[in-house]
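K.L.:
Numbering (this note's numbering), first residue to last: 500 to 640.
We put the beta carbon where it would ideally sit given N, CA and C, even for glycine.
Keep in mind that this is a model prediction, so the values were computed, not measured.
#1: Buried or exposed for residue 593, please, with buried defined as at least 16 other CB atoms from any protein chain shown within 10 angstroms of its CB.
#2: Pull up the distance between the alpha-carbon of residue 547 and that of residue 532, whole angstroms please.
#3: Would residue 590 be called buried (16 or more neighbouring beta carbons within 10 Å of its own) or exposed?
#4: What span of residues does the alpha helix (DSSP H) with residue 582 cover, start to end?
#5: Say whether the region 593-605 touches the region 620-632, bearing in mind that this needs 3 or more beta-carbon pairs closer than 8 Å, one atom from each stretch.
#6: Who are the Cβ neighbours of residue 573 in its own chain at under 8 Å, not counting the five residues just before and after it?
#7: Do residue 614 and residue 577 have their C-beta atoms closer together than 8 Å?
#8: According to DSSP, simplified to helix, strand and coil, what is residue 526?
#9: Go ahead and pull the three-state DSSP assignment for residue 555.
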């Protein structure tokens, strides 16, 4: 019988009580973990390249490539529409010239959008506080 799209080949799923192979192997290794790690360290100290690699990979996190974006913002704040249009234009030009990748431009634009939202929220909160104070003052008079 050929596979029918939309129908599971195993409708009942994994039978209950079946242990995942990785969990089973982990259970077998766990009682010996200290001895295994000690042996790994011993081999690493003796100069075994595989043991050294394992130890280093576990001790030192992998360095992520520098994802900094070298892009100069125009003078002024990003909370003004004119400046945002200028920034959008400059980002487009930078992509066209090859000084920014499309991915970098997208990330940077997303970052600016979040910054702009945070600024707008702060402005709105300030306006709301002023409005509440004025309302409380007028109600108290």
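P.N.:
Quick answer:
#1: In the chain shown, the residue the question calls residue 593 occupies position 94. Buried is the call here.
#2: As a first step, residue 547 must be located in the chain shown, where it is residue number 48. As a first step, residue 532 must be located in the chain shown, where it is residue number 33. Distance between the alpha carbons of residue 547 and residue 532: 19 Å.
#3: Indexing the chain shown from 1 puts residue 590 at position 91. By the neighbour-count rule (16 or more Cβ atoms within 10 Å), residue 590 is buried.
#4: The count along the chain shown starts at 1 and reaches residue 582 at position 83. That run of the alpha helix (DSSP H) goes 580-596.
#5: no
#6: Here residue 573 corresponds to residue number 74 of the chain shown, with the count starting at 1. Same-chain partners within the cutoff: 582, 585, 586 and 589.
#7: As a position in the chain shown, residue 614 is number 115, starting the count at 1. As a position in the chain shown, residue 577 is number 78, starting the count at 1. Contact flag set, yes.
#8: Sequence index remark: in the chain shown, residue 526 carries index 27 (1-based). Three-state result, residue 526: helix.
#9: Reading the chain shown from its first residue, position 56 is the one you call residue 555. Residue state, collapsed to three classes: helix.
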